[in-house]
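Structure first, commentary second.
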C-alpha cells in the first residue's frame, strides 16, 4: 500500500484490445509523478459477485470514492462526443467534490465533427435531424468543457488528431493533478 | 413560489426546435403530480453574464443543486448512446446524493444499436474499430443503466422506438419520483 495521492483513470481505452497495457502505462506515469493511478480494470468484478455489469459499476464507484482526483480521456468515441461511461464518471466525481482533469485526442470542435451541420434561418447550427449543434468552440457538450474550465483546469485539447491511446494529453493532465494534489515525484 | 418538491428536467430535447414547448409540457405533468419541474432553458444566461457556455453551465449546476431529484431523458442522441450533457448531469446529481430517474425512447440494446458489431475469436463483441461492445442487455453504457438500477429505479425503456420528445417514459419516471419524494397531486 501507499500514501501517495490517488488518481482515478477514466476513459474508453478500457474497450481497446490492449486495455490492460494502457492501464499499466498510465499507472507508471502516475508513479513517476508521485501519484497512485487507480485503473478500473484492476477491480475484480467476479469476486464482487452478482450481475457482472452491476458488480463493475459498484467497484468503479467505490474506486472513485477512494480516489483524491480523476483524469478523464474525453476523446470522441463511436460518434462526435466522448464515451458515456467516462462522462458519467466526470459528473460523479465533480459531484463528489473531487478535482477533475480531462483531455481529448481529437483536434476539431464538436461543431466541426458533427455530420451534416448547417445554419438555419435564425443563424443557428442544426444537424440533419434539425437538432441544434452548440457553437461555442468547445470540444464537446458545454457541460463537459465548462465543468473542467470552471473547476480551474480547462480541457487539454490535442493540436492534431491522435489515437485514442495517445498519452500526451494525459501527461499534461497528470502535471496539473500532481501540482494540485501536492505530489512529490 | 412553491414548496412542492423540485425535479430537474434533463434531456436532449433542449436541442429540438420546439424545446420550450416540450419544457412546458413536462412542467405541466410535474404540476399535476404535485412536483415543480425545473427546466434548464428557463435560466437566463444573458443576465448571468460572461461567456455564454460558462453562464449556461453555472446556471444548470445551480438548478441541479436546488432540485430535490432529477429525471433524465437518456434516449440515443447523434450516435448509439445518450446525450453527453444529460449523462454528465446524471453523474453529477447522483454524486450530489439526489434521487435520479431515467428513461429512453429507443427499444434496442446498446449492442444492437452499435454499427458493425461482430464477435471476435474470444467471443467478445467488437465494433469495426476493434473496440469492445458491452453485452449485458443494457440500453447504454453499464454505468448509466447500473446507476439507476442500484439507486432503486431501473431505467424505463420504451417497448418500441418512439420520438425523442415522446413523454410516456417521462411519465413513468414522474410516478416514481412523486412516490419517492412524497408529492401530493
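Chains as they are written, first to last, in my numbering: chain A, 1 to 185; chain B, 186 to 370.
Positions of the beta carbon are idealized from the N, C-alpha and C atoms, including for glycine.
Predicted model only: the values in this text are computed from it and were never measured.
_Integer Cβ distance of residue 191(B) from residue 253(B), believed to fall under 8 Å_ = That pair is a contact at about 5 Å.
*Taking Cβ positions only, does residue 152(A) come closer than 8 Å to chain D?*
Of the chains in the structure shown, none is chain D; the protein chains are A and B.
*How is the beta strand (DSSP E) around residue 39(A) delimited, first residue to last?*
Per DSSP, residue 39(A) belongs to no beta strand (DSSP E) and is neither H nor E.
_Residue-chain proximity (residue 265(B), chain A), Cβ-Cβ < 8 Å_ = At a cut-off of 8 Å between C-beta atoms, residue 265(B) counts as an interface residue with respect to chain A.
*Compare the Cα-Cα distances from residue 173(A) to each of 132(A), 65(A), 30(A) and 93(A) and report the closest residue.*
Closest by alpha carbon: 30(A).
*In the stretch 228-244 of chain B, which residues sit with their C-beta less than 8 Å from some C-beta in chain A, listed in chain order?*
Those residues of the stretch 228-244 of chain B that come within reach of chain A (Cβ to Cβ, closer than 8 Å) are 236, 237, 238, 239, 241, 242 and 243.
_Let me see if you follow: with CB-CB separation under 8 Å, is residue 356(B) close to chain A or not?_
Under the Cβ distance rule, residue 356(B) does not count among the residues neighbouring chain A, no pair being separated by less than 8 Å.
*What runs of the alpha helix (DSSP H), each 4 residues or longer, lie entirely inside the stretch 47-94 of chain A?*
Counting only runs of 4+ residues, the alpha helix (DSSP H) found wholly inside the stretch 47-94 of chain A occupies 52-66, in chain order.
*Give, in chain order, every residue of the stretch 317-346 of chain B whose Cβ lies closer than 9 Å to some Cβ of chain A.*
Residues 317, 318, 319, 321, 322, 323, 325, 326, 327, 328, 329, 330, 331, 332, 334 and 335.
*Selection from 111(A), 81(A), 90(A) and 53(A) that minimises the alpha carbon distance to residue 148(A)*: Nearest neighbour of residue 148(A) by Cα position, chosen from 111(A), 81(A), 90(A) and 53(A), turns out to be 90(A).
*Check residue 1(A) in the structure and name its three-state DSSP category.*
Low confidence applies here, because residue 1(A) scores a pLDDT of 47, under 50, leaving its location unreliable and the question unanswered by this model.
*Using a C-beta cutoff of 8 Å, does residue 186(B) count as contacting chain A?*
Caution applies to residue 186(B), whose pLDDT of 48 falls short of 50 and renders its modelled position unreliable; the value that the coordinates give is listed next. No Cβ of chain A is located within less than 8 Å of the beta carbon of residue 186(B).
*Which listed residue (182(A), 88(A) and 113(A)) has its alpha carbon closest to that of residue 57(A)*: Checked all of 182(A), 88(A) and 113(A); the closest Cα to residue 57(A) is 88(A).
*What three-state label does DSSP hand residue 341(B) in the structure shown?*
Strand at residue 341(B).
*Could you check if residue 186(B) is buried or exposed, using at least 16 other CB atoms within 10 Å of its CB as the buried criterion?*
For residue 186(B), the predicted structure reports a pLDDT of 48, less than 50, and the residue's modelled location is therefore unreliable. The matter cannot be settled from this model.
*Would you say residue 270(B) reaches chain A, if we count a Cβ-Cβ gap shorter than 8 Å as a contact?*
True, the Cβ-Cβ gap to chain A drops below 8 Å.
*asked:* Please tell me whether residue 206(B) has its Cβ less than 8 Å away from any Cβ of chain A.
replied: No, no contact with chain A.
*asked:* Does any residue of chain B have a CB that is nearer than 8 Å to the CB of residue 165(A)?
replied: Interface with chain B (8 Å Cβ-Cβ cutoff): residue 165(A) is excluded.
_residue 265(B) classed as buried or exposed, judged by whether at least 16 other C-beta atoms fall within 10 angstroms_ = That one is buried.
*asked:* Looking only at its chain, what residues have a beta carbon closer than 7 Å to the beta carbon of residue 219(B), apart from the 5 residues adjacent to it on each side?
replied: Counting only Cβ-Cβ distances below 7 Å, and skipping sequence neighbours, we find 189, 363, 368, 369 and 370.
*Please check if any C-beta of chain B sits within less than 8 Å of the C-beta of residue 174(A).*
Not an interface residue.
*asked:* So for residue 164(B), helix, strand or coil by DSSP?
replied: Summary: the structure shown does not reach residue 164(B), with chain B confined to residues 186 through 370, and so no result is reported for it.
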